[in-house]
Amino acid sequence: MHDIILLPMNLASEVKGLPHTDASWIQEVGDRFADRWTKIIPRHEFLQVMRNDFTKLSNSAIGTLINECARIMPEVVGAAQDWTDVQLQNLGVRIVSNMTGLLAAGPKLAHDSRWGALASTHIYNVARTAWKIWMKPWYLRRPYGLFAPELKKLDQDKREMRAILEPIVNERTNNPTGTKPTDILGAILAQKPATVGDLTDDMLALVVLAIHTTTTTLTDILIRLAAHPQYQATLLEEIEQALRGRMFAELTVADLISLQKLDSFIKEGQRLSPTVDLSLVRRVNRPGGIPLSNGTLLPQGTFIGTSGAGIFRDPRVFPEPQAFDGLRFYKLRQQPGHAHKHQFVSLSDYDTQFGAGIQPCAGRMLVSNEIKIVMAYILLHYDIDAHSESEETMTNVGTKPKASMRVRRKAGTSS
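Counted the way the UniProt record's numbering counts, the sequence shown spans residues 1 to 415.
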């Protein structure tokens, strides 16, 4: 584990627009997770697809994601009109891994139980391995990394992922359709040929970078929904107005974008329980370092970041920062000239959970779409017990693993 120079936001803003050749987000992540041994840094081709194609792919697949949500929610949550306890971590991992898996490589990947297991455990295996290595004295890290027992689990994950992916890749390469790619795997293969080993690494990188954080955010928001029942009717009314009498399965990207109150509710939940404490993390790569306006020189090889979570609780930025106001950002958007600001996916000096500058999170639109789809389905189809577990089940950066909520299917509802 490396030390991080913590910058105030005014100085971090001077770095956020620099290219990765000067200050790299992915190299900071790689060092944090001991990439020398865990090999988690994605290939260039994968990063290119994430930067250039991911949002278009996720938006074009919105109907597929909505249908998957409608298919799987009754299995996970239940269809009975009796109160049922739902373990939120299980719900989050199942629905997020399935929806993300569809966008990654289609239904053969998404519906494979081995993919679901990897989505649940691989990030923890990576983090545990990195932690064990970094806890060794510096002179023991290299030899320990060669024989670390934790690496055997990562090797097993890789073999499992390859076993899932190989027949899918073989089918696509042997039977090309000639149509535009509809998922990440297709977009990568459209760039240039890749080995199954390379594509296996790509899919495991997606697990590390996408599924865990989306699952954590979703479970946090569901806890907030149960803990603040006064918002349920308001959010449901907005969803029904967006549908205008249509079925849930007919939701569109435009409908999801129009849900400003739901967007605000999600963003406020993330503000109080951010998925990460530090934002705008970078590894300084520029030879000779990076000079800042206050005279500080950030040497090459150092790691930097800013306290995104600290900004979220700063009363100078957010009045009454400890209070949950589900419509906080909706009200801000009603100000003249602010209609397109203060969104869940916004990037600014005060919206840093998805990064900023020219190296933001490429999957933030998918995160937003997935969470809104699930929230819309639950509000339309289920009653939520106001006496479900409260926000006491939440930590500063996430929900306790065994948090649950009580729901029951609304009478007369269908997909």
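For each residue, glycine too, the CB sits at the ideal point set by N, CA and C.
Note that the coordinates shown come from a computational prediction; the quantities given were computed from them, not determined experimentally.
*Three-state secondary structure (DSSP) of Ser-293*: In the structure shown, Ser-293 sits in coil (DSSP, three-state: anything other than H, G, I, E or B).
_For Val-207 and Asn-396, the rounded distance between their alpha carbons_ = At Asn-396, the pLDDT of 48 sits below 50, so the modelled position is not reliable; the number obtained from the coordinates is stated separately. Approximately 23 Å between the Cα atoms of the pair.
*Bridge partner(s) assigned by DSSP for Asp-85*: Paired residues: Arg-406.
*His-44 versus Asp-31, Ile-26 and Asn-59, residue with shortest Cα-Cα distance*: The residue from Asp-31, Ile-26 and Asn-59 with its alpha-carbon nearest to that of His-44 is Ile-26.
*Ala-187 and Leu-57: beta carbons closer than 8 Å?*
Yes, the pair counts as a contact, with Cβ atoms nearer than the cut-off.
*Name, in chain order, the residues that DSSP records as bridge partners for Gly-305.*
Looking at the DSSP assignment, Gly-305 forms a beta bridge with Leu-6.
*Delimiting residues of the beta strand (DSSP E) encompassing Val-284*: Unbroken beta strand (DSSP E) run through Val-284: 278-284.
*By how many angstroms is the C-alpha of Gly-363 removed from the C-alpha of Ala-210?*
Near 7 Å, if we compare the C-alpha coordinates of Gly-363 and Ala-210.
*By how many angstroms is the C-alpha of Ser-97 removed from the C-alpha of residue 416?*
Residue 416 cannot be examined here, being either before or after the span of the chain that is shown, 1 to 415.
*Three-state secondary structure assigned by DSSP to Ser-24*: Collapsing the DSSP output to three states places Ser-24 in a strand.
*Take Arg-316 as the anchor and find which of Ser-293, Gln-334, Tyr-350 and His-338 has the nearest alpha-carbon.*
The residue among Ser-293, Gln-334, Tyr-350 and His-338 with its C-alpha nearest the C-alpha of Arg-316 is Tyr-350.
*asked:* Three Cβ pairs or more, each shorter than 8 Å: is that satisfied between the segment 61-77 and the segment 94-108?
replied: The segment 61-77, when compared against the segment 94-108, does touch it at the 8 Å Cβ threshold.
*asked:* Could you tell me the alpha carbon to alpha carbon distance between Leu-6 and Ser-113, rounded to whole angstroms?
replied: Each residue's alpha carbon lies about 41 Å from the other.
*In terms of DSSP beta bridges, what is Asp-383 paired with?*
Checking the DSSP bridge columns, you'll see Asp-383 partnered with Arg-408.
*asked:* Closest to Thr-55 by C-alpha separation, out of Gly-355, Thr-173, Val-345 and Lys-402, would be which residue?
replied: Of Gly-355, Thr-173, Val-345 and Lys-402, the residue nearest in Cα terms is Val-345.
*asked:* For the alpha helix (DSSP H) containing Asn-174, name the first residue and the last one.
replied: In the DSSP assignment, Asn-174 falls within the alpha helix (DSSP H) that extends over 149-174.
*Between which two residues does the alpha helix (DSSP H) carrying Thr-38 extend?*
Secondary structure note for Thr-38: its alpha helix (DSSP H) is the uninterrupted segment 35-38.
_At least 3 beta-carbon pairs within less than 8 Å: the segment 107-126 vs the segment 400-409_ = Per the Cβ contact rule, the segment 107-126 is not in contact with the segment 400-409 (fewer than 3 Cβ pairs under 8 Å).
*Ignore the nearest five residues each way along the sequence and tell me which others in Leu-236's own chain have a CB closer than 8 Å to its CB.*
Closer than 8 Å at the Cβ level, and outside the excluded window around Leu-236, lie Leu-379 and Leu-380.
*Three-state secondary structure (DSSP) at Ser-113?*
Shown here, Ser-113 sits in a helix according to DSSP, grouped into three states.
*Alpha carbon to alpha carbon, how far is Ile-239 from Leu-103?*
Roughly 24 Å separates the two Cα atoms.
_Tell me the rounded alpha-carbon separation between Ile-290 and Leu-297._
Computed Cα separation, rounded: 6 Å.
*Measure the beta-carbon distance from Ile-40 to Val-253 and round it to whole angstroms, keeping in mind my assumption that it falls under 8 Å.*
That belief does not hold up - the Cβ atoms of Ile-40 and Val-253 are roughly 31 Å apart, past 8 Å.
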